[in-house]
Amino acid sequence: MKTWRSRASAIAVEACALLVLIGCVAAVRSPQARTGPAPSPAPAAAAAAPVAAVAPTISTAQDAAAAGMVEIRSLVPDIDLEIRYAGGDNFVGRPVAGYLGAACYLHRPVAQALARVERELRAQGLRLRIYDCYRPVRAVRDFVAWAADPDDQKTKPRYYPTLDKSRLLGDYISPTSGHSRGATLDLTLLEPSGEGYAPLDMGTGFDFFDELAHTDAPGASLAQRGHRQRLRAAMQREGFENYPLEWWHYTFKPEPTPRTAFDFPVR
Ligand SMILES: C[C@@H](N)C(=O)N[C@H](C)C(=O)O
Ligand SMILES: [Zn+2]
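Take 1043 as the starting number for the sequence shown in our numbering and just add one per residue.
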């Protein structure tokens, strides 16, 4: 027959086991235990957001050369650049801090890989349009401050009509963006149109923060998903990985400086 002492120790063991289990579940659910921010409801959102697992250190490099980066036009002089954060046509609705000009800086091997993508696409009659490349840390801080201001909703109809502004930080705007490490860029495909080139229909515009922008969104038409897959295939062939929540966002792997972010201005 069990004594009260042995019954008490059995209960204590069970209680400990329960606590361990609760601890494990809490750890799995805790944002600190994940590499990315809060999960989105759609299946594609199960992918980890492009947030550094360890906060990167910020380099003191004052310009691209010191950072080991090159401007893409030094390799492809006529590449199509539409650097949105250097002007007012973006989700913030004004030029973003740190963008003093419209330029695309990337670490040299990343820029070289991008030049190869452009060359392969030109052979198929297509081209790239680049929306953003290296993004200074101060620009990311500007995004974070904008996201924290609920009074400024002027770009909501165009950029996040279905989402509350408080939901953008994390899945759609990273507070420690890979762009600041110089191996990530945002881009789309262009096709011949009239005298020049026009963007292929991707189903949403650049920086449209919505499930429809998830690369494999079931809501996109077959043709739109086909265009997204064409961009993804061309980028993957040269070592770039897509972020599944944004059809336009790619990172070259392995990153040349995975633990270092930069803060020199884009000019
Ligand atoms: C803001 C958007 N263009 C983008 O780049 N989003 C990802 C998640 C990022 O901020 O790194
Ligand atoms: Zn991006």
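Even for Gly, the Cβ is constructed at its ideal location relative to N, Cα and C.
Whole angstroms are fine: how far does the CA of residue j sit from the CA of residue i?
i     : j     : result
G1268 : V1179 : 34 Å
L1231 : L1170 : 5 Å
E1328 : L1264 : Within the shown structure, residues of the chain are numbered from 1043 to 1309, placing residue 1328 beyond reach of any answer.
R1301 : P1098 : 4 Å
R1209 : L1142 : 29 Å
F1304 : A1275 : 29 Å
G1238 : E1124 : 15 Å
T1257 : K1196 : 26 Å
P1234 : Q1271 : 19 Å
E1266 : D1243 : According to the sequence displayed, residue 1266 carries Gln and not Glu. Cα-Cα distance, rounded: 6 Å.
K1207 : K1198 : 8 Å
L1273 : Y1173 : 14 Å
D1228 : T1102 : 25 Å
Y1147 : T1293 : 14 Å
N1284 : A1259 : 14 Å
E1297 : A1225 : 6 Å
A1106 : H1291 : 21 Å
Q1166 : K1295 : 25 Å
R1164 : P1241 : 14 Å
D1193 : D1213 : 21 Å
L1287 : Y1176 : 19 Å
Say the cut is 6 Å; is the CB of residue i nearer than that to a heavy atom of ligand 2?
i     : result
H1291 : yes
R1228 : This sequence places Asp at residue 1228; Arg is not what is there. Checking every heavy atom of ligand 2 against the Cβ of D1228, one is found closer than 6 Å.
Beta carbon of residue i: closer than 6 Å to some heavy atom of ligand 1?
i     : result
S1216 : yes
H1221 : yes
D1249 : yes
Quick one: what's got a C-beta closer than 8 Å to residue i's C-beta in the same chain, skipping five residues either side?
i     : result
R1071 : Confidence in R1071 is poor, its pLDDT being 29 and thus under 50, which makes the residue's placement too unreliable to answer from.
A1068 : Note that A1068 has pLDDT 32, beneath the 50 cutoff, so the model's placement of it is unreliable and no number is given.
G1130 : R1136, P1137
V1159 : L1170, A1276, M1277, R1279, E1280, F1282
If I measure Cβ to Cβ from residue i and keep anything under 7 Å in the same chain, skipping five residues before and after, which residues do I get?
i     : result
L1254 : G1245, T1246, G1261, A1262
A1157 : L1117, V1118
L1211 : V1186, A1189, P1217
A1144 : L1123, I1125, A1128
Y1201 : F1133, D1249, F1250, F1251
V1182 : P1217, S1219, S1222
R1115 : I1121
I1215 : F1185, A1189
L1168 : L1231, L1232, E1233
CB-CB under 6 Å to residue i, same chain, minus the five flanking residues each way: which ones, in chain order?
i     : result
D1252 : T1204
N1132 : R1126
D1184 : V1138, A1139
I1100 : V1179, A1303, D1305
M1104 : The sequence given here places Gln at residue 1104; Met does not occur at that position. Excluding residues within five positions, the ones whose Cβ falls inside 6 Å are F1306.
R1309 : L1142, G1143
T1299 : R1223
Next on the checklist: Check whether the region 1136-1152 and the region 1106-1122 touch, using three or more Cβ-Cβ pairs below 8 Å as the test.
Outcome noted: yes
Item to check | Runs of beta strand (DSSP E) lying entirely within the region 1106-1158, each at least 3 residues, in chain order | outcome: 1111-1113, 1147-1149
Checklist entry - Fully enclosed by the region 1280-1304, which beta strand (DSSP E) runs are 3 residues long or longer? => result 1282-1285, 1288-1294
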